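2 protein chains.
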Amino acid sequence: MGSAAADAVLPLDASTFAAESRAVVDFLEVYYRDIESYPVRPDTEPGRLRTLLPNVPPEDGEPVDVILEDVRRHIVPGLTHWQNPNFFAYFPMNASTAGFAGQMLSTGLNVVPFMWAASPTATELEGVVVDWMARLVGLPERFLFSGGGGGVLHGSTCEAVVCTLTAARDRVLSSLGHEAILRLVVYASDQSHCTFQKGARIVGIPPANLRVIPTSAASAYGLTADSVRNAVKADVASGLVPLYLCATVGTTGLGAVDPVRDLGEVARRYGMWLHVDAAYAGSALICPEFKDYIDGAELADSVSMNPHKWFLSNMNCCCLWVVSPGLLTSALSSNPEYLNNVGREGAAEVVDYKDWQIALSRPFRAMKLWVVLRRYGAGGMRAYIRRHVDMAKWFERMLDADERFEVVVPRRFSLVTFRLRPRHGGHDDMEALNRKLLMAINASGRAFMTHFVVDNKFVIRMAVGAAMTEMRHVQDAWELVQDKAKEVHATP
Amino acid sequence: MGSAAADAVLPLDASTFAAESRAVVDFLEVYYRDIESYPVRPDTEPGRLRTLLPNVPPEDGEPVDVILEDVRRHIVPGLTHWQNPNFFAYFPMNASTAGFAGQMLSTGLNVVPFMWAASPTATELEGVVVDWMARLVGLPERFLFSGGGGGVLHGSTCEAVVCTLTAARDRVLSSLGHEAILRLVVYASDQSHCTFQKGARIVGIPPANLRVIPTSAASAYGLTADSVRNAVKADVASGLVPLYLCATVGTTGLGAVDPVRDLGEVARRYGMWLHVDAAYAGSALICPEFKDYIDGAELADSVSMNPHKWFLSNMNCCCLWVVSPGLLTSALSSNPEYLNNVGREGAAEVVDYKDWQIALSRPFRAMKLWVVLRRYGAGGMRAYIRRHVDMAKWFERMLDADERFEVVVPRRFSLVTFRLRPRHGGHDDMEALNRKLLMAINASGRAFMTHFVVDNKFVIRMAVGAAMTEMRHVQDAWELVQDKAKEVHATP
Ligand SMILES: Cc1ncc(COP(=O)(O)O)c(C=O)c1O
Ligand SMILES: Cc1ncc(COP(=O)(O)O)c(C=O)c1O
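As given, the protein sequences belong to chains A and B, one line each in that order.
Its first residue numbered 68, the first sequence is counted upward by one per residue in my numbering.
Its first residue numbered 68, the second sequence is counted upward by one per residue in my numbering.
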């Protein structure tokens, strides 16, 4: 490691690179080894970090060890440890050795495949790997490049939603004229992710034209075709134009599943774009026992899922597949002179991924997903998913067998939703009781769970799926839940 | 490294992680050491990679060495080597030892700071580091958190544009009603990046209301206040509503600079949002000698620049600063129940970055930029930038001194734009001549440049700024340009 000044002007010297990168690997090795020693969620107050750091960057560079020491002292203690095996909050965000290796290769090569010519094999690997994923998830051939469709890797589901909404919108506006934007209507359930409503607002759908359709326990919180049909009919009758229906396989709050085939038929009937958001549960679809949940996908226009959630692919990575890439690219393409490709005029058609997404520049995400799939194999990934599902099943069985608890919605994947019942003969406020229970669980630092509210029920969510979670962690969590339930029941 | 099946079900075992990550570091060390041995741009035909890879992922996992060997054999030869020191195309996309270290930490910790409570120090570090950058770049206090504004790290400039356009749009529509979306008009120059027009289309601005205002050599291709004022007046006269003006400091084609103060005055006068896009040249603004180019920034509503371009921060990282965070968050916020924070009801106000961007989930980008700033220091970064600017100056001097060449637009930063003149007394088609020259340069594999067209002139762009570029590479490029010019002049 040379002098700080020389390091700045020659910042990719190969041996400095190797030495400092090894120091970071060593740091992370220790972090993973000790991760269970941290409270899953930190106990910290807003603004603390600012008091520890200066207001301006240093004038002179500093050695990597000093920086790593500051990460250890100042940053790590205030993080929520998403990779802690006792993390059961939100949905998992999996890191893995292979995801990390793939990200290192992507970051190290640092190529920018915004169009084929800007880094040919990076674009081509993306095409290969999204086809691999489509086959694994069990999508119909029409979502594959070989079937006339195709896929792309975005950073988030919201980006996939914004891009497909834009494509759907511009298809309609190109025949009705731009004024018709005021008449476009989009549909989703009250269980669908807030990202959908946000995406719809971003692309200019009038806020009054977002239909959030109620679901109920009767359909296990899945969106029924009838309820969509009724809403659409009413809108058509008032001169509005149904544009886009978002179905979710594995909702965020409860893990509910919308019936894709039924909704697909309604979408077809009224000329709407059907998107299937399988952000979390898409990973489970690689197992045959879950394939029914995506039955009817041939009626969808687009499907997305996030390998960064439960597929070991570190932040961030979202697969989006579409049946008609032409609709996407005609809404999102741009061909300025500085990107024209001297020497390839009139050459064979290639995929230019800049026209499949929001931004121009983009990282080489395909490398990451490819390394994950190669390193673990389809069989390894199925085993990984099933292990979490089995742990969640066990947890659900424990709850079922304990009359103090109620499982609120039957588990579908690895998310268990439950609540504590009042003491025998007690008249506790159920919400207050369960809030207290959740706070006690999280304050222990030994597990981190989050909640949801459905039909006025305050529900605790136990989302199994962190990469390091083993059966013993789920057992510990169950012990913890019981202990804290006892405490909560004991205090008036 | 255990069995493949065990690796998949326990994918973050600390010692496997360390061993395999070291193998990737070794791989990248060799890549950087040998990088000059690759042609900068590969000689490959579309579809080649697909013939080399199977149609489905392997059923069983494979060892990391086998995967790395495939990267070496199949992927690397078909990449465009953006980190090759002879890469002078587009704009640079800097990798660095510190950027890589920061990305490793971010990817390894893999926390998701979508809101403060989801990883407190990750959010707080972002606040610190965007303030650091704002000070370095010389932005007025009102863009800092301490001054009532604030910043966020996005993945791309286009995302920054989409978010600020949405904020500007919704501010206006909240008083005029959503129907007014049809009357909103946005303005930029014919030199501004295509990302701006794309962003405007995404947020639903009618395509007919995108004003692309011509520039000319008289203003060195900067957008003049008069031309904007005239366009705005005409629009106002026809009942339209001026919404947003995008100024660029360092345009993509030519490195031109729009006069921020003059444009700011027009924007103020007509109530438009002024955004300053300094994607590339923002990095140079850390040097006092370039600060004039951002004079008038106090009149802007938002400013963005990409540290992943010329600031050693590996893909991807875009700083966006706004004067009124409330406008951003009221357009982009969402507060579903599953994100409510039990135990923090009524707590102190914190920044929830999900409401400053498109997606919900987001990587811990602050770590990367923070490590870069710590490792190299402000002084190191200035030295880094000045070194490239000096190399570009030298190249420009060589061109100036050689009567075969013409420098088309005076260099401002590290981008030199030039073209070959016809032979003495010749009547060559200038475009054909320079296309031939560019093709010959790039076909050599010894450098990669791209082009631009302005006032019907086909211009070659030499963008100095790759992290490994030293004076000798720029000298070699000059030799190459001269040799190829001779060849091109010699062939009829
Ligand atoms: C069903 C579902 N859709 C969308 C999202 C949001 O994804 P992103 O942050 O990638 O936009 C989530 C995140 O938890 C989700 O569970
Ligand atoms: C001036 C300018 N603005 C915007 C962009 C696009 O940036 P992004 O890919 O981050 O959206 C570029 C890329 O070269 C640029 O030069």
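By construction, the Cβ of each residue, glycine as well, lies at the ideal position given by its N, Cα and C atoms.
Note that the structure is predicted; figures quoted are calculated from it, not measured.
- Message: For Ala-530 (chain B) and Val-476 (chain A), I'd like the C-alpha separation in whole angstroms.
- Response: Indexing the second sequence from 1 puts residue 530 (chain B) at position 463. Indexing the first sequence from 1 puts residue 476 (chain A) at position 409. If I take the Cα positions, the gap works out to 58 angstroms.
- Message: I'd like the ranges of any alpha helix (DSSP H) spanning at least 4 consecutive residues and lying wholly in the segment 221-266 of chain A.
- Response: 224-243
- Task: Determine which residues of the segment 514-535 of chain B have a Cβ less than 7 angstroms from any Cβ of chain A, and write them out in chain order.
- Result: Thr-517, His-518, Phe-519, Val-520, Ala-534, Met-535
- Item | Which residues DSSP lists as bridging Met-529 (chain A), in chain order | Mapped onto the first sequence, residue 529 (chain A) falls at position 462. DSSP, once it has assigned bridges, lists A:Val-483 as partnering Met-529 (chain A).
- Asp-496 (chain A) by DSSP, collapsed to three states: which one? On the first sequence, position 429 is the one that residue 496 (chain A) refers to. Here Asp-496 (chain A) sits in coil by DSSP.
- Rounded to a whole number of angstroms, what is the C-alpha to C-alpha distance between Leu-192 (chain B) and Ser-391 (chain A)? Along the second sequence, one-based indexing puts residue 192 (chain B) at 125. Along the first sequence, one-based indexing puts residue 391 (chain A) at 324. Rounded to the nearest angstrom, the two C-alpha atoms are 41 angstroms apart.
- Residues near Leu-116 (chain A) by beta carbon distance below 8 angstroms, same chain, minus five either side: Walking along the first sequence from the start, residue 116 (chain A) turns up at place 49. So the list reads His-141, Ile-142, Gly-145, once near-sequence residues are dropped.
- Query: Less than 6 angstroms between the CB of Phe-347 (chain A) and some heavy atom of ligand 1, yes or no?
  - Reply: Stepping through the first sequence from its first residue, residue 347 (chain A) is reached at position 280. The displayed chain sequence assigns Tyr, not Phe, to residue 347 (chain A). Tyr-347 (chain A) Cβ: within cutoff of ligand 1.
- Query: What first and last residue would you give for the alpha helix (DSSP H) that runs through Met-200 (chain A)?
  - Reply: Counting from 1 along the first sequence, the entry for residue 200 (chain A) is found at position 133. 187-204 is the extent of the alpha helix (DSSP H) around Met-200 (chain A).
- Query: For the candidate residues B:His-491, B:Arg-502, B:Asn-161, B:Gly-175, whose alpha-carbon lies nearest to that of Ala-81 (chain B)?
  - Reply: Against the second sequence, residue 81 (chain B) aligns to sequence position 14. The option with the nearest alpha carbon to Ala-81 (chain B) is B:Gly-175.
- Measuring only between beta-carbons, confirm whether Ser-104 (chain A) sits less than 7 angstroms from chain B. The count along the first sequence starts at 1 and reaches residue 104 (chain A) at position 37. Ser-104 (chain A) does not count as touching chain B.
- Residue closest to Arg-139 (chain B), alpha-carbon to alpha-carbon, out of B:Ala-468, B:Leu-505, B:Phe-94: If you number the second sequence from 1, residue 139 (chain B) lands on position 72. Of the candidates B:Ala-468, B:Leu-505, B:Phe-94, the one whose C-alpha sits nearest the C-alpha of Arg-139 (chain B) is B:Phe-94.
- Message: So with CB distances below 7 angstroms, who are the chain A contacts of Glu-356 (chain B)?
- Response: Your numbering for residue 356 (chain B) matches position 289 in the second sequence. Within chain A, no residue comes near Glu-356 (chain B); the closest Cβ sits about 17 angstroms away, beyond 7 angstroms.
- How close, in whole Å, do the beta carbons of Ala-552 (chain B) and Leu-505 (chain B) come, if the pair is a contact with beta carbons under 8 angstroms? Within the second sequence, the letter at position 485 stands for residue 552 (chain B). Within the second sequence, the letter at position 438 stands for residue 505 (chain B). Not a contact, Cβ separation roughly 11 angstroms.
- Spatial distance of Leu-312 (chain A) from Tyr-254 (chain A) (CA atoms): Position 245 of the first sequence holds residue 312 (chain A). Position 187 of the first sequence holds residue 254 (chain A). So the two alpha carbons sit approximately 5 angstroms from each other.
- Item | Cut-off 6 angstroms between Cβ atoms - residues of its own chain near Gly-69 (chain B), not counting five sequence neighbours on either side | The sequence position of residue 69 (chain B) within the second sequence is 2, counting from 1. Per-residue confidence for Gly-69 (chain B) stands at a pLDDT of 49, beneath the threshold of 50, marking its modelled position as unreliable; no derived number is given.
- Mapping DSSP to helix, strand and coil, what is Trp-149 (chain A)? Start at 1 with the first residue of the first sequence, and residue 149 (chain A) comes out as number 82. Correct three-state label for Trp-149 (chain A): coil.
- Item | Same chain only: Cβ atoms within 7 angstroms of Val-324 (chain B), ignoring 5 sequence neighbours per side | To locate residue 324 (chain B), count along the second sequence from 1; it is residue 257. Here the set comprises Gly-289, Val-316, Gly-317, Tyr-360, Arg-479.
- Query: By the criterion of Cβ-Cβ separation under 7 angstroms, what are the contact partners of Ser-186 (chain B) in chain A?
  - Reply: In the second sequence, residue 186 (chain B) corresponds to position 119, counting from 1. The contacting residues are Leu-146, Thr-147.
- In chain B, which residues lie with their C-beta within 8 angstroms of the C-beta of Thr-262 (chain A)? Here residue 262 (chain A) corresponds to residue number 195 of the first sequence, with the count starting at 1. Result: Ser-401, Ala-426, Leu-427.
- Cβ atoms of Met-538 (chain B) and Met-458 (chain B): under 7 angstroms apart, would you say? Within the second sequence, the letter at position 391 stands for residue 458 (chain B). Within the second sequence, the letter at position 471 stands for residue 538 (chain B). In this structure, Met-538 (chain B) lies closer than 7 angstroms to Met-458 (chain B) by Cβ.
- Ala-552 (chain A) - DSSP class collapsed to helix/strand/coil: To locate residue 552 (chain A), count along the first sequence from 1; it is residue 485. In the structure shown, Ala-552 (chain A) sits in a helix (DSSP, three-state: H, G or I).
- Task: Starting from Glu-136 (chain B), find everything on chain A with Cβ-Cβ shorter than 8 angstroms and list it in chain order.
- Result: Position 69 of the second sequence holds residue 136 (chain B). Correct list: empty, because the minimum Cβ distance to chain A is about 11 angstroms.
- Output the distance between the C-alpha atoms of Trp-461 (chain A) and Ile-269 (chain A), rounded to the nearest integer angstrom. As a working note, residue 461 (chain A) is residue 394 in the first sequence. As a working note, residue 269 (chain A) is residue 202 in the first sequence. Whole-angstrom Cα-Cα distance: 42 angstroms.
- Minimum Cβ-Cβ distance from Gly-69 (chain B) to chain A less than 7 angstroms: Taking the second sequence and counting its residues from 1, the one referred to as residue 69 (chain B) is at position 2. Low local confidence applies: a pLDDT of 49 at Gly-69 (chain B) is under 50, so the model's placement there is unreliable, and no value is given.
- Report the rounded CA-to-CA distance for Cys-385 (chain B) versus Met-372 (chain B), giving the unit in angstroms. Residue 385 (chain B) sits at position 318 when you count from the first residue of the second sequence. Residue 372 (chain B) sits at position 305 when you count from the first residue of the second sequence. Going by the C-alpha atoms only, they are around 6 angstroms apart.
- For Arg-278 (chain B), does the three-state DSSP call read helix, strand or coil? As a working note, residue 278 (chain B) is residue 211 in the second sequence. DSSP places Arg-278 (chain B) in strand when its eight states are reduced to three.
- Task: Please work out which residues of its chain come closer than 6 angstroms, Cβ to Cβ, to Phe-378 (chain B), disregarding the five sequence neighbours upstream and downstream, and give them in chain order.
- Result: Position 311 of the second sequence holds residue 378 (chain B). So the list reads Ser-350, once near-sequence residues are dropped.
- Message: Contact between the segment 417-429 of chain B and the segment 388-407 of chain B is defined here as three or more beta-carbon pairs at a separation below 8 angstroms; is this criterion met?
- Response: yes
- Would you call Lys-300 (chain A) buried or exposed, if buried means 16 or more other Cβ atoms sit within 10 Å of its Cβ? The residue given as residue 300 (chain A) occupies position 233 in the first sequence. Flag for Lys-300 (chain A) reads exposed.
- Query: Helix or strand or just coil, what does DSSP make of Pro-159 (chain B)?
  - Reply: Walking along the second sequence from the start, residue 159 (chain B) turns up at place 92. Correct three-state label for Pro-159 (chain B): coil.
- Query: Going by C-alpha distance, which of B:Val-279, B:Ala-275, B:Ala-334 is nearest Thr-262 (chain B)?
  - Reply: The residue you call residue 262 (chain B) lines up with position 195 of the second sequence. Taking only the C-alpha atoms, the option nearest Thr-262 (chain B) is B:Val-279.
- Inter-residue Cα distance where the pair is Leu-395 (chain B) and Gln-424 (chain B): Along the second sequence, read from residue 1 onward, the residue named residue 395 (chain B) stands at position 328. Along the second sequence, read from residue 1 onward, the residue named residue 424 (chain B) stands at position 357. Going from the Cα of Leu-395 (chain B) to the Cα of Gln-424 (chain B) covers about 8 angstroms.
- Indicate the three-state DSSP secondary structure (helix, strand or coil) for Val-418 (chain A) in the structure shown. Working through the first sequence from its first residue, we reach residue 418 (chain A) at position 351. Reduced to three states, the DSSP call for Val-418 (chain A) is coil.
- Task: Spell out the partners DSSP gives Leu-341 (chain A) in its beta bridges.
- Result: In the first sequence, counting from the first residue as 1, residue 341 (chain A) sits at position 274. Bridge partners of Leu-341 (chain A): A:Leu-312.
- Query: Using CA coordinates, which residue listed in A:Val-555, A:Val-541, A:Ala-534, A:Asp-132 is at the minimum distance from Ser-163 (chain A)?
  - Reply: For this step, residue 163 (chain A) is matched to residue 96 along the first sequence. Checking every option, the nearest Cα to that of Ser-163 (chain A) belongs to A:Ala-534.
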